[in-house]
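Visitor: Just passing along the structure, written as C-alpha cells.
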Amino acid sequence: MRFLARRLVFYLVALLVAIVLNFLIPRLMVGDPVQLIIARFQGRIEPSAVDAIKATFGFVQGPLHEQFFTYLSNLLQGNFGPSVMNYPVQVSQVLGASIGWTLRLVGTATILSFLIGTLLGIVAAWRRGSFVDGYVLPFLSVLGAFPYFWFALMVVYVFAFNLRWFPMSHASDISLRPDWTSWPYVSSVIEHAVLPLMTILITSVGGWMLGMRNNMIGVLSQDYIVMAQAKGLAERRVMLTYAARNAILPALTGFAMSLGFVIGGALVIEIVFSYPGVGFTLLQAVGARDYPLMQAIFLLITLAVLVANFLADVAYVLLDPRAR
Amino acid sequence: METSQPVSAPLGVPQPKPTRRVQLPDWMNSILRNRKASVGIIILTFFVLVSLFAGQLTSINPTRRVGRPHEAPSAEHILGTTRDGKDVFSQVVYGGRTTLFVGFLTGTIIIAISIVMGLTAGYMGGWVDEFLSMLTNVFLILPGIPLVIVVAGWLDRPGPATVMIVLGAISWAWGARVLRSQTLTLRNSEFVAAARVVGEPTWRIILFEILPNMVSLVVSSWIGAVQYATLALVTLEFIGLGDVNIVTWGTILFWAQNNQALLTGAWWTFIPPGICIAAIGLSLTLINYGIDEITNPRLQRS
C-alpha cells in the first residue's frame, strides 16, 4: 500500500509538471500569446468570448501565481475554452468526437499485438532455434527498425493503391450517415480500420515477442521447470501453466503501461490514414494554430499515460506476491 | 635524454620494415570481431561515406527543377524525379547528409544532458539525487513526441536548431537513469575513495575518475540517443513540423505524401528514403547489440 501511495504521489507530481509546462510554454514564446490566439479567430468572435479564452489560459490581470491558479481551476472544471478551428464548438466536444476513434482503433491493435506477440514469444522460447525463433523473430525485429509511418505509406501504396483491397483514408465511407445500428456503416468502419490496424500490428508485435521470449528463457532455466518435466507432465502443460504463467508477469505490467500509449502512441499512423482520432486532430490543431485544442490534447495524452502507469503498478502489486 | 631514445640506424642503411601490423586498441578489436557490430559499422560507414562524397556522387542540385514531374527512374535520373521535377537520387544523397548530421548532433546533445544529470545525481546523493531522480522520472513518463509537437506548434515552424534543442531538452531522461545507476556502483569503489582522500575536486572526480570507467555504457547510450533522435526528427519532419524546405529524408517523405505520390504511384519518391532511414536505425541497433554482447559476458554464446 505504501508503494502504491508513493507512486500515486509521483504521478500527481508528473501531472503537475505537465500542467506547468503547458502553462509556461506560451509565456516563454516571443510575442504576445494572447494576441496570437485572438488573431487566429480573425474577428469571428465576440469580445466576451475573448475574455473566456484568456481565462482558460490564465491570461488575467495579476501576478504569475494568480494566473496559474485561474488556469488550474479552469482545467479542473474541464473548461478548455472554445476550439479555434471549430469555433464555436468547445474543445471538450472536439475531443469527445475524436477520442472514440482512437480508443477503438489503437486499443484493439494494442490488445491484438500483445496477445499475438506474447504467444509467438512463448513458442520461440520453448523451441529455441526453430523457424519461429530463428526467422520470424529477426524478421519482426528488422521491421521494427523502419519508421512506422513509412510502413503506413507502404501499406497504403500496396493494399489501397495497387490492389485496391481497402480504402486509403478516413474512418468510414463519408457518404454514409454515422449510425452504429446500420450494417453498411459498421462494415465500412471495419473496412477502413483494417490497414491502420495492420500497420500498428506489424510494427509492434516484434517488441512483445522479444520481451516474452527473453522472460521465458529466464524462467525455463529454473529448477521447478526441470522438476515438472521430470515428473513427466505434458509438454504443453509445462510450457503454459509452469513457464509462461510466471514469465508473463513483467509483460502484463508492460501491457498495462502500453494502454497509456493508446491515445498518444499512434499519432502518425492516424495522420497518414487521415483517421479522425486524437493524433490527426492534434496535427490539424497545430496546423490551424488552435492553441486551446493543442494543449488539451497534450494533457489528455499525458493523463492517459499516467493513469495506465498507475494501473500497471496496481497490477504488479496484485499479481506478484513478492511486491506486497 | 638521448639514452631514452631508440637507437636510430645510420642514414642510407636499408631499414627492415616493421612487421608488426598497426595495433588497434583492444575495444576496437573486440568490436570488429563481433559479427553484429561489424555489420552495423559497415552499413553506417557506407552512409557516412555517401554523405561525405555527396558532391562526387551526383552533380545535380537537389533543390533545382531538372526534369518533368514524377518521371520514373531512368538512366538520367536513376531514382526518378519528384512532383516538382527535382532529382530524387540527389535529394536522398544530400538529404542523408543533413539527416545524419542533425541526428548525430541531437543525439550528442541528449547524451551530454544525460551525463550531467545522471552523474551528478548518482555521485552527489542526498537531496540532489532525490530531486534529479524525480525530475528524470517525470521526463521519462511525459509523452515526448506530443510535447515536441505542441512546442513546435507554439513556435510556428521552428528551424532545425530549435527542434534539436527542444528534443534534447526533453529526451535525456532514459540515458540519465542508466548512467546514474552505474555511477552509484562506481561511487563506492576504492579508486574513487582514493581520489577523494587525495583531495581532488568533485567535478574532477566525476569527469576524470568516474566517467572514463563507464565509457561503454556512455557509448551505447549515445548510440541509442542518436537512433531515437534521428527517428524523432524524421517523424517531425514527415508531419510537416519544422522547415520543410530543407532537404532531409523526413522532408522528402513529407513532400511525397503532400504531393499525392501515393495516388500517382510514384514509389521512387518514398521507398528509397524509408529504406535509408531503416538501414541507419538497423545499423545503430546492431552496433548496440554488439557492444552489449562484448561487455556483458552472459550474452556471449558459448
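Just so you know, the protein sequences line up as chains A and B, in that order. No gaps in the numbering here: position 225 of the first sequence is 225 in the working numbering, and each next residue is one more. Going from the second sequence to the working numbering is simple: count from 1 and add 1000. A virtual CB, placed ideally from N, CA and C, is assigned to each residue, including glycine. Remember, it's a predicted structure, so these values are computed and weren't measured experimentally.
Looking at the secondary structure, which residues open and close the alpha helix (DSSP H) in which residue 1292(B) lies?
Guide: Run containing residue 1292(B): 1271-1295, per the alpha helix (DSSP H) assignment.
Visitor: Just the Cα atoms here: how many angstroms apart are residue 272(A) and residue 217(A)?
Guide: Straight across, the Cα-Cα distance linking residue 272(A) with residue 217(A) is about 38 Å.
Visitor: Would you verify that the beta carbon of residue 1126(B) is, or is not, closer than 8 Å to some beta carbon of chain A?
Guide: no
Visitor: Should residue 1003(B) go down as buried or exposed, given a rule of 16 or more other Cβ atoms within 10 Å for buried?
Guide: Confidence in residue 1003(B) is poor, its pLDDT being 43 and thus under 50, which makes the residue's placement unreliable; the coordinate value appears in the next sentence. Around the beta carbon of residue 1003(B), fewer than 16 other beta carbons sit within 10 angstroms, so the residue counts as exposed.
Visitor: With a threshold of 8 Å between beta carbons, is residue 411(A) in contact with chain B?
Guide: Outside the displayed range of chain A (1 to 324) lies residue 411(A), so it cannot be described from this structure.
Visitor: My output table needs one value for residue 1143(B): the three-state DSSP class, helix, strand or coil.
Guide: coil
Visitor: Suppose you measure from the CA of residue 149(A) to the CA of residue 55(A); what does that come to, to the nearest Å?
Guide: Between residue 149(A) and residue 55(A), the alpha-carbon positions lie close to 37 Å from each other.
Visitor: Any beta carbon of chain B sitting closer than 8 Å to that of residue 114(A)?
Guide: no
Visitor: Could you check what DSSP says for residue 1108(B) in three-state terms: helix, strand or coil?
Guide: helix
Visitor: Do we get a CB-CB distance below 8 Å when we pair residue 29(A) with the residues of chain B?
Guide: yes
Visitor: Please report the straight-line C-alpha distance between residue 1198(B) and residue 1218(B), rounded to a whole angstrom.
Guide: 27 Å
Visitor: Counting Cβ pairs closer than 8 Å, one from the stretch 1265-1285 of chain B and one from the stretch 134-154 of chain A, do we hit at least three?
Guide: yes
Visitor: Can you look up residue 82(A) in the DSSP assignment and give me helix, strand or coil?
Guide: It is a strand residue.
Visitor: Which bits of chain B does residue 302(A) rub up against, with CB to CB less than 9 Å?
Guide: Those are 1141, 1142, 1143, 1146, 1147, listed as they occur along chain B.
Visitor: May I have a chain-ordered list of the beta strand (DSSP E) segments no shorter than 3 residues that lie completely inside the stretch 100-130 of chain A?
Guide: As far as the stretch 100-130 of chain A is concerned, it has no whole beta strand (DSSP E) run of at least 3 residues.
Visitor: For residue 1005(B), I'd like the list of residues in its chain whose CB is within less than 7 Å of its CB, leaving aside the five on either flank, ordered along the chain.
Guide: Legend: pLDDT at residue 1005(B) = 46, less than 50; position of this residue unreliable, no value from coordinates given.
Visitor: Quick one: what's got a C-beta closer than 7 Å to residue 118(A)'s C-beta in the same chain, skipping five residues either side?
Guide: 208, 212, 248, 251
Visitor: Please report whether the beta-carbon of residue 295(A) lies at a distance below 8 Å from any beta-carbon of chain B.
Guide: yes
Visitor: Is the beta carbon of residue 317(A) closer than 8 Å to that of residue 10(A)?
Guide: no
Visitor: Report the neighbours of residue 289(A) on chain B: residues whose CB is nearer than 9 Å to its CB, in chain order.
Guide: 1153, 1154, 1156
Visitor: Establish whether the CB of residue 271(A) and some CB of chain B are separated by less than 8 Å.
Guide: The beta-carbon of residue 271(A) is placed less than 8 Å from the nearest beta-carbon of chain B.
Visitor: How about residue 103(A) and residue 286(A): are their beta carbons less than 8 Å apart?
Guide: no
Visitor: In chain A, what lies closer than 8 Å to residue 1267(B) by C-beta?
Guide: 157
Visitor: Is the beta carbon of residue 228(A) less than 8 Å from the beta carbon of residue 315(A)?
Guide: no
Visitor: Can a CB atom of chain A be found closer than 8 Å to the CB of residue 1278(B)?
Guide: yes
Visitor: Report the CB separation of residue 1136(B) from residue 1177(B) in whole angstroms; it is logged as a contact under 8 Å.
Guide: Right, their Cβ atoms sit about 5 Å apart.
Visitor: How many whole angstroms separate the CB atoms of residue 1226(B) and residue 1249(B), which I take to be in contact at a CB cut-off of 8 Å?
Guide: With a Cβ gap of about 15 Å, residue 1226(B) and residue 1249(B) do not count as contacting.
Visitor: Pick out the complete alpha helix (DSSP H) segments inside the stretch 1183-1223 of chain B, 4 residues or longer, and give them in chain order.
Guide: Runs of the alpha helix (DSSP H) inside the stretch 1183-1223 of chain B: 1190-1198.
Visitor: Let me confirm a value: residue 1037(B) is counted as buried when at least 16 other C-beta atoms fall within 10 Å, else exposed. Which label applies?
Guide: buried
Visitor: Taking only the alpha-carbon atoms, compute the straight-line gap between residue 1308(B) and residue 1240(B) and give it to the nearest angstrom.
Guide: The question about residue 1308(B) has no answer, for chain B in this structure spans 1001 to 1302.
Visitor: Going by Cα to Cα distance, which pick from 130(A), 277(A), 254(A), 185(A) is closest to residue 300(A)?
Guide: 277(A)
Visitor: Considering just the uninterrupted stretch of the alpha helix (DSSP H) at residue 53(A), what are its terminal residues?
Guide: Counting along the chain, the alpha helix (DSSP H) containing residue 53(A) begins and ends at 47-56.
Visitor: Taking the alpha-carbon positions, what's the residue 1268(B) to residue 1073(B) distance?
Guide: 7 Å
Visitor: Less than 8 Å between the CB atoms is what I'm expecting for residue 1168(B) and residue 1109(B), so what's the real figure, rounded?
Guide: 4 Å
Visitor: Taking only the alpha-carbon atoms, compute the straight-line gap between residue 1048(B) and residue 13(A) and give it to the nearest angstrom.
Guide: 43 Å
Visitor: Since residue 1134(B) meets chain A, which of its residues come closer than 8 Å, beta carbon to beta carbon?
Guide: Correct list: 10, 13.
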